[in-house]
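Visitor:
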Amino acid sequence: MDFSLTEDQVTFKKSAIEFAEKALNKGAKEREKNREFNQEGWEKCAEFGVQGLSMPEKYGGLGMDIMTCVVTMEALGYACRDSGLLFAINSHIWTCESPILKFGSEYQKDTYLPSLCNGSLKGGHAMTEADSGSDAFSMKCRAEKKGDRYVINGTKMFITNAPIADLLLVFAVTDPKKGFAGVSAFIVEKGFPGFSVGKPLELMGLKTSPIGEVVLQDCEVPEENLLGKEGAGGAIFNSEMEWERSCLFATHVGAMAKDLEDCIRHVNERQQFGKPIGKNQAVSHKIAEMHVRLELSRLALYKVAWLKSQGKRAPVESAIAKLFVSESYVQNCMEALQIHGAYGYSTEMDFEKNLRDAIAGKIYSGTSEIQKNIIASLLGL
Amino acid sequence: MSVLESLENYLLTEIAVGLGKKTLGPDEDLLELGIIDSLGLMKLISFMEEDFGIRIPDEEVIPENFQSLNCMAKLVELQVQN
Numbered sequence: 031m032d033f034s035l036t037e038d039q040v041t042f043k044k045s046a047i048e049f050a051e052k053a054l055n056k057g058a059k060e061r062e063k064n065r066e067f068n069q070e071g072w073e074k075c076a077e078f079g080v081q082g083l084s085m086p087e088k089y090g091g092l093g094m095d096i097m098t099c100v101v102t103m104e105a106l107g108y109a110c111r112d113s114g115l116l117f118a119i120n121s122h123i124w125t126c127e128s129p130i131l132k133f134g135s136e137y138q139k140d141t142y143l144p145s146l147c148n149g150s151l152k153g154g155h156a157m158t159e160a161d162s163g164s165d166a167f168s169m170k171c172r173a174e175k176k177g178d179r180y181v182i183n184g185t186k187m188f189i190t191n192a193p194i195a196d197l198l199l200v201f202a203v204t205d206p207k208k209g210f211a212g213v214s215a216f217i218v219e220k221g222f223p224g225f226s227v228g229k230p231l232e233l234m235g236l237k238t239s240p241i242g243e244v245v246l247q248d249c250e251v252p253e254e255n256l257l258g259k260e261g262a263g264g265a266i267f268n269s270e271m272e273w274e275r276s277c278l279f280a281t282h283v284g285a286m287a288k289d290l291e292d293c294i295r296h297v298n299e300r301q302q303f304g305k306p307i308g309k310n311q312a313v314s315h316k317i318a319e320m321h322v323r324l325e326l327s328r329l330a331l332y333k334v335a336w337l338k339s340q341g342k343r344a345p346v347e348s349a350i351a352k353l354f355v356s357e358s359y360v361q362n363c364m365e366a367l368q369i370h371g372a373y374g375y376s377t378e379m380d381f382e383k384n385l386r387d388a389i390a391g392k393i394y395s396g397t398s399e400i401q402k403n404i405i406a407s408l409l410g411l
Numbered sequence: 352m353s354v355l356e357s358l359e360n361y362l363l364t365e366i367a368v369g370l371g372k373k374t375l376g377p378d379e380d381l382l383e384l385g386i387i388d389s390l391g392l393m394k395l396i397s398f399m400e401e402d403f404g405i406r407i408p409d410e411e412v413i414p415e416n417f418q419s420l421n422c423m424a425k426l427v428e429l430q431v432q433n
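Chains as they are written, first to last, in this note's numbering: chain A, 31 to 411; chain B, 352 to 433.
1. Is it buried or exposed for residue 136 of chain A, if we count other Cβ within 10 angstroms and need 16 for buried?
2. Between residue 327 of chain A and residue 271 of chain A, how many whole angstroms is the CB-CB distance? I'm expecting something under 8 Å.
3. Does DSSP put residue 353 of chain B in a helix, a strand or coil?
4. If residue 201 of chain A and residue 215 of chain A are in contact, beta carbons under 8 Å, what's the gap, nearest whole angstrom?
5. If we count Cβ pairs, one from each stretch, closer than 8 Å, do we get three or more for the stretch 369-385 of chain A versus the stretch 331-338 of chain A?
6. Mind listing, in chain order, the continuous beta strand (DSSP E) runs of no fewer than 3 residues lying wholly within the stretch 207-245 of chain A?
7. Please look up how many angstroms separate the CB atoms of residue 280 of chain A and residue 107 of chain A, rounded, as I've assumed it's under 8 Å.
8. Considering Cα atoms alone, identify which of B:384, B:399, B:407 and B:401 is closest to residue 211 of chain A.
9. According to DSSP, what are the bridge partners of residue 183 of chain A?
10. Report yes or no: do the stretch 223-239 of chain A and the stretch 160-167 of chain A share at least 3 C-beta pairs separated by less than 8 Å?
11. Does the beta-carbon of residue 365 of chain A have 16 or more other beta-carbons within 10 angstroms, so that it is buried, or is it exposed?
12. Please work out which residues of its chain come closer than 6 Å, Cβ to Cβ, to residue 113 of chain A, disregarding the five sequence neighbours upstream and downstream, and give them in chain order.
13. Would you mind sorting residue 315 of chain A into buried or exposed? The rule is 16 or more other CB atoms within 10 Å of its CB.
14. Note down, in chain order, every chain A residue with its Cβ under 9 Å from the Cβ of residue 429 of chain B.
15. Mind pulling the chain B residues with CB within less than 8 Å of residue 343 of chain A?
16. Name the residue from B:368, B:367, B:392 and B:425 whose alpha carbon lies nearest to the alpha carbon of residue 409 of chain B.
17. Bridge partners of residue 39 of chain A, per DSSP?
18. Would you say residue 403 of chain B reaches chain A, if we count a Cβ-Cβ gap shorter than 8 Å as a contact?
19. Can you tell me whether residue 81 of chain A is helix, strand or coil according to DSSP?
20. With distances taken from CA atoms, which of A:189, A:126, A:110 and A:139 is nearest residue 56 of chain A?
21. On the premise that residue 151 of chain A lies in contact with residue 139 of chain A, defined as a C-beta separation below 8 Å, what is that separation, rounded to the nearest angstrom?
22. Out of A:116, A:278, A:363 and A:395, which has the shortest C-alpha to C-alpha gap to residue 74 of chain A?
23. From which residue to which residue does the alpha helix (DSSP H) around residue 91 of chain A run?
24. Going by DSSP in three states, residue 69 of chain A sits in which element: helix, strand or coil?
25. Quick check: the Cα distance between residue 300 of chain A and residue 362 of chain A, rounded to an integer number of angstroms?
26. If I follow the unbroken alpha helix (DSSP H) through residue 382 of chain B, where does it start and stop?
27. Of all the options B:357, B:379, B:404 and B:371, which has the alpha carbon lying nearest to the alpha carbon of residue 415 of chain B?
28. Who are residue 153 of chain A's beta bridge partners in DSSP?
29. Going along chain A in order, which residues have a C-beta closer than 8 Å to the C-beta of residue 393 of chain B?
30. Taking the CB atoms as reference points, tell me whether residue 157 of chain A and residue 267 of chain A lie closer together than 8 Å.
31. Since residue 357 of chain A and residue 392 of chain A should fall inside the 8 Å C-beta cutoff, what is the C-beta to C-beta distance between them, to a whole number of angstroms?
32. Within 10 angstroms of the Cβ of residue 298 of chain A, are there 16 or more other Cβ atoms? Answer buried if so, exposed if not.
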């Protein structure tokens, strides 16, 4: 295994940090307060190439390899203070664009990918339902073939980007007898008859990322919008999750690196009882532990990226990375907040916001408990 | 051991544990019987790739390739040829 970055990757990482610092942070506090999506930031990211990072050049993407994608996401996580925007962009890329590229027909790729890459279309996927979260394949949403179209009925919940999305990959049961193998995926445009979206949901964190309910009532979807074959929904979903668990969580690694830098600066500058607080082992050990978690998180993610760059599967490794990074980010946020004391608890600084955002990472893309189930199961338990 | 026997043996010892199955028919519908669930499929794919030295593309992870032992054996044969 070789995780060293190429010169090009280092240069691109630096330019992504500079871009994010200059273009994405203005007004972030206000948007967080108002639960406002950063449309301008979305457009600037598209101009920079973020939405098309991993997409082939023929569709307007940058055609980057997975390691460069991970490194770029790490850079954005480090420099961008609007984690809701990054969350929205990652959902767009890994749960909509990527599966269309991998499983889509030429018609689907030509129709949707160029606009998804240039950011003029926003995407996401609709899997979760009110009664099926971790047990995702027990969904009730049904799709029935009627002539040259499918008719979908069901309600999806906690759907990232739903209030702003132009299209969603909707997962629905086409063959109830087959369990998870009876689930199919459909590209559903917001203008299709019978498709509607509820108001954005109020959540503890990720306040600038619009998340909502999707209602499909006799929603008519042309048969050419079935993604892959009937019953391929499980494979599409698992493939999405492997990518999301590596690339999305790279933003957390970047955020952890930024928090650690802030903490080191603070403990060296902040004087109490006549010395910098970092001279107390109670504080310096926290810093050391934060650094250990950051380094191990980065290694876990880079290993997944390396495996995938070799064309290998990484179900256990991506579950390990997702579990470890998300749990570590929460722990580091708690420590950063504690180290900064009352300032850390104050909304003037970003530490309490980071903690609220970090907690979501233990839940989305499969909870920590589900990651442990995957790891245990693949170990033969 | 043939591909079919190897697959049956793996399914009985690793996936269908506790279901009281002693044998699996070559055309028995393993999906409808609930013998293979989503986590079981992940394990099965890892086993098939390692044991038979093949790579199963995600696009081939569809019901008709995993419905029965015969379907899986055909998939293995195809991927070996590829």
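Where a beta carbon is used, it is the ideal one built from N, C-alpha and C, also for glycine.
All values reported here derive from a predicted model rather than from experimental measurement.
Guide: This is what the structure gives:
1. By the neighbour-count definition (other C-beta atoms within 10 Å, threshold 16), residue 136 of chain A is an exposed residue.
2. Separation of the CB atoms of residue 327 of chain A and residue 271 of chain A is rounded to 18 Å, and the pair is thereby denied contact status at 8 Å.
3. DSSP places residue 353 of chain B in coil when its eight states are reduced to three.
4. About 5 Å; that satisfies the 8 Å criterion.
5. The stretch 369-385 of chain A vs the stretch 331-338 of chain A: no contact.
6. You should have 213-219 and 225-230.
7. Right, their Cβ atoms sit about 7 Å apart.
8. That would be B:384, whose Cα lies nearest to the Cα of residue 211 of chain A.
9. Here residue 183 of chain A is bridged, per DSSP, to A:172.
10. The stretch 223-239 of chain A, when compared against the stretch 160-167 of chain A, does not touch it at the 8 Å Cβ threshold.
11. Residue 365 of chain A comes out buried.
12. Apart from sequence neighbours up to five positions away, the residues of its chain that approach residue 113 of chain A with a beta-carbon distance below 6 Å are 387, ordered along the chain.
13. Taking every protein chain shown into account, the CB of residue 315 of chain A has fewer than 16 other CB atoms within 10 angstroms, so this residue is exposed.
14. For residue 429 of chain B, there are no neighbours in chain A by C-beta distance under 9 Å, as the nearest C-beta there is about 16 Å away.
15. The answer, in chain order, is 396, 397 and 400.
16. For the set B:368, B:367, B:392 and B:425, the Cα lying nearest the Cα of residue 409 of chain B is the one of B:392.
17. None; residue 39 of chain A has no bridge partner.
18. Not one chain A Cβ lies under 8 Å of residue 403 of chain B.
19. The answer is coil: DSSP assigns residue 81 of chain A none of H, G, I, E or B.
20. Nearest of A:189, A:126, A:110 and A:139 to residue 56 of chain A, Cα basis: A:110.
21. Cβ-Cβ separation between residue 139 of chain A and residue 151 of chain A: approximately 13 Å, too far for a contact (criterion under 8 Å).
22. Of the candidates A:116, A:278, A:363 and A:395, the one whose C-alpha sits nearest the C-alpha of residue 74 of chain A is A:116.
23. Segment: none, residue 91 of chain A is in no alpha helix (DSSP H) and carries neither H nor E.
24. Note: residue 69 of chain A maps to helix in three-state DSSP.
25. So the alpha carbons of these two residues sit roughly 19 Å apart.
26. In the DSSP assignment, residue 382 of chain B falls outside any alpha helix (DSSP H), carrying neither H nor E.
27. Nearest Cα to residue 415 of chain B within the set B:357, B:379, B:404 and B:371: B:379.
28. Under DSSP, residue 153 of chain A takes part in a beta bridge, and its partners are A:197.
29. Those within 8 Å of residue 393 of chain B in chain A are 268, 345, 404, 407 and 408.
30. Inclusion of residue 157 of chain A and residue 267 of chain A in the CB contact set at 8 Å is warranted, their separation being smaller than that value.
31. In this structure residue 357 of chain A is in contact with residue 392 of chain A, their Cβ atoms being roughly 7 Å apart against a cut-off of 8 Å.
32. Classification for residue 298 of chain A: exposed.
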